[in-house]
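Undergrad: The structure that follows is given in the form of structure tokens.
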Amino acid sequence: MKSLLFSALLALASPAAGAGEAPLPPDSVYQLQAQLVDQGGHRGAWGAQRGKPRLVAMFYTSCKYICPLIVDSGKAIERQLAPAQQARIGIVLVSMDPARDTPKALRAVADQRRLDTRRWTLLAPRADDVRNIAGVLGVRYRQLADGEFNHTSALVLLDADGRVLARTEKLGSQPDPDFVAAVRRAAGAPK
Amino acid sequence: MRRLAALLLCALPLAGLAAGGYVRLPGGAFRSALKYEDQKTVRVAPFELMDAPVTNAQFLAFVQANPRWRRGNAPTVFAEARYLQHWAGPRTLGPDALPRQPVVNVSWFAADAYCKAQGARLPDWNEWEYAAAADELRKDARKDPVWRERILAWYSRPSTSALPRVGLQAANAYGVRDIHGLVWEWTEDYSALLVDADNRKQGDADKARFCGAGALSMDDRENYAVLMRVAMLSSLQGADVTPNMGFRCARDAR
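Protein chains in written order, with my numbering: chain A, 1079 to 1269; chain B, 9 to 262.
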């Protein structure tokens, strides 16, 4: 039991260097060491997202205007993929408002928007790490006095090792065709 | 008035200290040169700020202790190829990076990591602007055209000549040195300054890009020095470096 605990601690200490994994590329966003909590209340390292291509965006649950569009965009892109491709792409929404975006708040969005949590992951970082995560994703934001945010809205496509393959700031139900093409390439054959 | 006198009494003794430590700034309500749509004045909590920018010698000690941040080791996602390019080697300053000169060619991620390693943080924009509003005697000298001219003169000097060392300029009313006239400085929230490159597009056109509201605009259009700082910060990504961009750290007042 003790040795199990010890190896669990070791795994926590080096989130990016799992057994037998190649070192992370220097331009990987997973170089960032940060802890996040998901919609199920599970804590994990940012680097644990490594392993499959992912579509990543930042949002916050109380946002009424653009953020629902971010979810719409993710869904619209998913619809352009064959089922086999959908299974190979993860969609990750990272909160810029961890003070309010508890796992319960994240869960509520997942339920309300009927997000399949086998493919969709909603994450909240620690307050100290939000600016860093936004930095590696190239997202800019400012919190306003009333708790809302001004922010740029980008969808970022990462390869399995966390390198940026493509990004778009075109949101909505009519996805950017170049970006969709990049997602299709990352998702591999439709069968 | 009595409060002002008390503040001056607090600030003046600090002005005599040599560069290298932190000075305490009282904070309070502050009118930014930026126009925020959500607030007229900003509240700056009491904080401490390094009295001079971080030097090459200080940054060298940091990379000695943190190999991950040496040139060549630092992941490119955090620091582009020109990171510390003026140093002779990953652990050697050399003739183009004298120990007392401010460190430049550092990315926001590297500056952030340096300050965190000292148990500190980068100052946010409001803190920086508040500290930078003072001249040698006044906490807010921004309405004085002579002082404005003086700090603006630095921006028109060619940046090809070698950087002076830190601490040569007189301290401002808070005991802070070199906040003008030496290097540009990162702020913690560099990526919060959502300024559109083209002022004419402010308003509706920006709403698509900046969720929630339009981009920031200037409340005080005469304050070109602040305008340039904001324009610079808003144009950079966190991994970018420039030959004139340095930083100093801050911490919450104890």
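For each residue, glycine too, the CB sits at the ideal point set by N, CA and C.
Can you tell which of B:Ile187, B:Ala178, B:Leu202, B:Ala118 has its C-alpha closest to the C-alpha of A:Leu1222?
TA: Cα-wise, what sits closest to A:Leu1222 is B:Leu202.
Undergrad: Just how far apart, CA to CA, sit A:Arg1157 and A:Asp1256?
TA: Cα to Cα, A:Arg1157 sits roughly 15 angstroms from A:Asp1256.
Undergrad: Among A:Ala1135, A:Arg1178, A:Ser1106, which one has its Cα closest to the Cα of A:Ala1205?
TA: Checked all of A:Ala1135, A:Arg1178, A:Ser1106; the closest Cα to A:Ala1205 is A:Arg1178.
Undergrad: Which residue's Cα is closest to the Cα of A:His1229: A:Gln1111, A:Arg1263, A:Tyr1143?
TA: Residue A:Tyr1143 is the option with its Cα nearest to A:His1229.
Undergrad: Residues in its own chain within less than 7 angstroms of B:Arg129 by CB, not counting five upstream and five downstream?
TA: The answer, listed in chain order, is Cys123, Glu196, Cys257, Ala258, Arg259.
Undergrad: List, in order along the chain, the chain B residues whose C-beta lies closer than 7 angstroms to that of A:Ala1223?
TA: Here the neighbours are Asp46, Gln47.
Undergrad: Can a CB atom of chain A be found closer than 7 angstroms to the CB of B:Gly220?
TA: In this prediction, B:Gly220 scores a pLDDT of 46, lower than 50, which makes its location untrustworthy; no coordinate-derived value is stated.
Undergrad: Tell me, please, which residues DSSP counts as bridged to A:Val1115.
TA: Looking at the DSSP assignment, A:Val1115 forms a beta bridge with A:Arg1121, A:Ala1202.
Undergrad: With 8 angstroms as the C-beta to C-beta threshold (strictly closer), list the residues of the stretch 1103 to 1117 of chain A near chain B in chain order.
TA: Answer set for the stretch 1103 to 1117 of chain A: Pro1104, Asp1105, Ser1106, Val1107, Gln1109, Leu1110.
Undergrad: By the three-class DSSP mapping on this structure, what secondary structure does B:Phe86 have?
TA: In the structure shown, B:Phe86 sits in coil (DSSP, three-state: anything other than H, G, I, E or B).
Undergrad: List the endpoints of the continuous beta strand (DSSP E) containing B:Gly36.
TA: That run of the beta strand (DSSP E) goes 36 to 38.
Undergrad: Hey, is A:Arg1245's beta-carbon within less than 7 angstroms of any beta-carbon in chain B?
TA: Judged by the 7 angstroms Cβ criterion, A:Arg1245 is not in contact with chain B.
Undergrad: For chain A, check one thing: does any of its Cβ atoms lie closer than 7 angstroms to the Cβ of B:Ser199?
TA: It does: the Cβ of B:Ser199 has a partner Cβ on chain A nearer than 7 angstroms.
Undergrad: Note the first and the last residue of the continuous beta strand (DSSP E) segment covering B:Asp260.
TA: Taken as a continuous stretch (DSSP letters only), the beta strand (DSSP E) holding B:Asp260 covers 258 to 260.
Undergrad: Quick check: is the beta carbon of A:Gly1213 nearer than 7 angstroms to any beta carbon in chain B?
TA: For A:Gly1213, the answer is yes, since a Cβ of chain B falls inside 7 angstroms of its Cβ.
Undergrad: Please list the terminal residues of the continuous alpha helix (DSSP H) segment that includes A:Arg1262.
TA: Its alpha helix (DSSP H) spans residues 1255 to 1265.
Undergrad: Per DSSP, what kind of secondary structure is A:Gln1163 in: helix, strand or coil?
TA: Looking at A:Gln1163 - three-state DSSP - the assignment turns out to be helix.
Undergrad: Where does B:Pro153 fall in DSSP's three states?
TA: B:Pro153: helix per DSSP, three-state reduction.
Undergrad: Quick one: what's A:Ile1148 bridged to in DSSP?
TA: For A:Ile1148, which the question treats as bridged, DSSP gives no partner whatsoever.
Undergrad: Please determine, among B:Phe55, B:Thr250, B:Pro83, B:Ala261, the residue with the shortest C-alpha to C-alpha distance to A:Pro1101.
TA: Here the closest residue by C-alpha is B:Pro83.
Undergrad: Taking B:Asp46 as the reference, give the member of A:Gly1225, A:Asp1239, A:Ala1126 with the closest Cα.
TA: Of the candidates A:Gly1225, A:Asp1239, A:Ala1126, the one whose C-alpha sits nearest the C-alpha of B:Asp46 is A:Gly1225.
Undergrad: Kindly identify the DSSP beta-bridge partner or partners of B:Trp192.
TA: Its beta-bridge partners are B:Met253.
Undergrad: Give the interface partners of B:Leu202 over in chain A, defined as CB-CB distance under 9 angstroms, in chain order.
TA: Simply Arg1218, Tyr1219, Arg1220, Asn1228, His1229, Thr1230.
Undergrad: List, in order along the chain, the chain A residues whose C-beta lies closer than 8 angstroms to that of B:Glu88?
TA: Result: empty, since nearest Cβ-Cβ is about 10 angstroms, beyond 8 angstroms.
Undergrad: Just curious, the beta strand (DSSP E) that A:Ala1244 is in, first and last residue?
TA: Counting along the chain, the beta strand (DSSP E) containing A:Ala1244 begins and ends at 1242 to 1246.
Undergrad: Quick one: which chain A residues come within Cβ less than 9 angstroms of B:Phe117?
TA: Per Cβ cutoff of 9 angstroms: Leu1110, Asn1210, Gly1213, Val1214.
Undergrad: Rounded to the nearest angstrom, how far is the Cβ of A:Leu1215 from that of A:Val1134, given a contact under 8 angstroms?
TA: At roughly 6 angstroms, the Cβ-Cβ gap stays under 8 angstroms, so A:Leu1215 and A:Val1134 are in contact.
Undergrad: Using a Cβ cut-off of 7 angstroms, pull out every chain A residue sitting near B:Glu196, in sequence order please.
TA: Simply Arg1209.
Undergrad: What does a CB cutoff of less than 6 angstroms around A:Gln1111 pick up in its chain, not counting 5 residues either side in sequence?
TA: Contacts found: none.
Undergrad: Residues in its own chain within less than 7 angstroms of A:Val1258 by CB, not counting five upstream and five downstream?
TA: If we look at A:Val1258 and ignore the five residues flanking it on each side, its Cβ neighbours are Ile1155, Gln1158.
Undergrad: 7 angstroms is my cut-off, CB to CB: does B:Thr250 come that close to chain A?
TA: B:Thr250 does not count as touching chain A.
Undergrad: DSSP puts A:Gly1168 in a beta bridge; with which residues?
TA: According to DSSP, A:Gly1168 bridges with A:Arg1132.
Undergrad: Since B:Met58 is in the beta strand (DSSP E), which residue starts that stretch and which ends it?
TA: 55 to 58 is the span of the beta strand (DSSP E), which, as asked, contains B:Met58.
Undergrad: Contact defined as beta carbons within less than 8 angstroms: I believe B:Val112 pairs with B:Val191. What is the distance between those atoms, to the nearest angstrom?
TA: 6 angstroms between Cβ atoms; contact.
Undergrad: Please report the straight-line C-alpha distance between B:Glu144 and B:Tyr198, rounded to a whole angstrom.
TA: Cα to Cα, the separation comes out at about 26 angstroms.
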